[in-house]
Amino acid sequence: MSDRLDSTTEELMVENGRLQQEIATLQQQVERLENTQNSRANIPGQVDVIQVVSDAIVVTDNQFCIQSWNHAAEMMYGWQADEVLGQPIITLLNTLFPNETLEEVGVQFLAAGYWKGRVQHHRKDGTLIPILSAITAIQDENGRMIGSVSVNRDISDQVQIEEALRERTRALEARNEDLTQFAYVASHDLQEPLRMITAYLQLLSQRYSGQLDEEADEFIAFALDGATRMRRLITDLLAYGKIGRNNQVFAEVSLEKVLQQVLANLELRIQETQVSITHDPLPTVFAVKTQMIQLFQNLLSNAIKFRNQTDPTIHISVQREPTRWIIQVIDNGIGIDPDMSERIFTIFQRLHTRQEYPGTGIGLAICKKIVQNHGGTIGVQSQPGEGSIFSFTLPITRETVETAVASAS
Ligand code: ADP
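Sequential numbering from 10 applies to the sequence shown in this note's numbering.
This is the structure in structure tokens:
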């Protein structure tokens, strides 16, 4: 009996030893596994990047049926991976292309092996989500497409900001339009009473000059001067308000002829001031002729007005870029503080008193409005005492001008 007990105890002890051995081995294996996992988590290169990124990454086969759907896709669209595997991606997400048709996208994708653009996707709950989508073809060694990878980014925040900006711009444009309209109507209606004031002041001056005392003559002269200035202001304001209104006629305009006309208009001033004016050959552009005359005349008369007293020169240069003309009016005049280079294009902004240089401060605002009305931009480069370069651009093609005019009206 005790022999049997002894042998059983012995067997149990052996068994126990084996089990302990096995447990130790298993523990070692668990430890090794834990170590491997820990060390994986510490090595960024070995993290499952596709699962941790915030963009939805969808891999499809060459029929655009979903093969893989990452965690971000689950969160973004509301379907779990096992619900969508094997389904055609475009049908599942009911993709909308706001800027082109599905066929156009298909053609571009097949030609380049890549397509990137904005789309709208439907979530599982039917709501729409704006997406920036980049789709890349996966090819085999023979260049045959065997699948695709789409990286889809939720751009809801960006779209919201863009929409708010658009709304603000629309509101600003409407307010601006109201103001321009008001200025136009007011200046138009002011013309008539002003004409009357000026006429009677002139009568007073003609009839009673020398008959009243010296002070009265002086007062009448001041009043006449004020009325004349006001007339100029109103004329300039009216000119400003007219730009961009519906009745403007766009046509092919030779800037060479425009310049000849402007030089004729300014002939007297040019002779008086001895300014030498040279120019590159000027192009023909699609424009409103009267506005081109006004643009060149304002820039040239400024260059004459703010001239250098010794040896004043003005050169009009022309450069052609692929889509636009760059035209520069370069003078060697008094120059402008670069800090003021934006301000001078705003209505009524002047850098000098009327006593130093006459003017209403509307000329450059008119230039800016004309250039913008033709789809171009205007600016100045200058340093005090070193002359100024007023540069403006005009689109080369008629289509670009038409698009700019259409979007402005
Ligand atoms: P105005 O000539 O009636 O004052 P503008 O709008 O044409 O109004 O010009 C605004 C201001 O810009 C001018 O008062 C002047 O200070 C500055 N300016 C414009 N053209 C020139 C130039 N060619 N050289 C120096 N300053 C200039």
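Here a beta-carbon is modelled for each residue, glycine too, at the ideal position from N, C-alpha and C.
Given the structure is predicted, the values throughout are model-derived calculations rather than measurements.
Rounded to whole angstroms, the separation of the alpha carbons of residue 260 and residue 204 is 35 Å. Look at residue 341: its beta carbon is at least 7 Å from all of the heavy atoms in the ligand ADP.
DSSP places residue 302 in the uninterrupted alpha helix (DSSP H) bounded by 298 to 314.
As computed with DSSP, residue 217 is found in no beta bridge at all. Fewer than three beta-carbon pairs drawn from the region 363 to 371 and the region 327 to 336 are found closer than 8 Å, and the two stretches are therefore not classed as touching.
Bridge pairing for residue 389: 399 [DSSP]. Bounds of any beta strand (DSSP E) do not take in residue 360, whose DSSP letter is neither H nor E. Around the Cβ of residue 63, a 10 Å sphere holds fewer than 16 other Cβ atoms; the residue is exposed.
Secondary structure of residue 252 (DSSP, three-state): coil.
Here residue 125 has 143 as same chain residues with Cβ atoms under 6 Å from its own Cβ, once five neighbours each way along the sequence are excluded.
Judged by DSSP in its simplified three-state form, residue 125 adopts strand.
Assigned with DSSP and collapsed to three states, residue 148 falls in strand. The C-beta distance from residue 380 to residue 304 rounds to 7 Å, short enough to meet the 8 Å contact threshold.
Going by DSSP, residue 278 is part of the alpha helix (DSSP H) stretching over 276 to 282.
Of the other Cβ atoms in all chains shown, fewer than 16 fall within 10 Å of the Cβ of residue 121; this residue is therefore exposed.
Under a 10 Å Cβ-count criterion, residue 249 is classified as buried, with 16 or more other Cβ atoms of the shown protein chains found around its own Cβ. In the structure shown, residue 344 falls within a coil segment according to DSSP collapsed to helix, strand and coil. Within the same chain, 99, 104 come within 8 Å of residue 111 by CB-CB distance, once the 5 residues on both sides are set aside. In terms of CA proximity to residue 101, 93 leads the group 93, 312, 384. Non-local C-beta neighbours of residue 386 in its own chain, meaning closer than 6 Å and more than five positions away in sequence, comprise 402, ordered along the chain. Residue 81 holds the alpha-carbon nearest to the alpha-carbon of residue 163 among 412, 81, 376, 399. Counting along the chain, residue 83 sits inside the alpha helix (DSSP H) bounded by residues 80 to 86. About 5 Å separates the beta carbons of residue 132 and residue 87, which is inside the 8 Å limit, making them a contact pair. Fully contained in the region 128 to 192 are the following beta strand (DSSP E) runs of length 3 or more, in chain order: 137 to 148, 154 to 163.
In the DSSP assignment, residue 404 forms a beta bridge with 333. Under DSSP, residue 286 forms a beta bridge with 323. Under the DSSP assignment, residue 258 falls outside any beta strand (DSSP E); it carries neither an H nor an E label.
For residue 59, the closest C-alpha among the options 411, 166, 77, 372 is that of 77.
337 is the residue among 361, 337, 114 whose C-alpha sits nearest the C-alpha of residue 376.
In its own chain, leaving out the 5 sequence neighbours on each side, no residue places its CB closer than 6 Å to the CB of residue 191. Relative to the ligand ADP, residue 302 has its C-beta separated by 7 Å or more from all heavy atoms.
In this structure, the C-beta of residue 378 stays at least 7 Å away from each heavy atom of the ligand ADP. When Cβ pairs closer than 8 Å are counted between the two stretches, the region 237 to 248 is seen to touch the region 181 to 197, the count reaching three or more. Within 10 angstroms of the beta-carbon of residue 140 lie 16 or more other beta-carbons, which makes it buried. In the three-state scheme derived from DSSP, where H, G and I count as helix and E and B as strand, residue 196 is classed as helix. With respect to the 8 Å criterion, residue 291 and residue 268 are classified as neighbours on the basis of their beta carbons.
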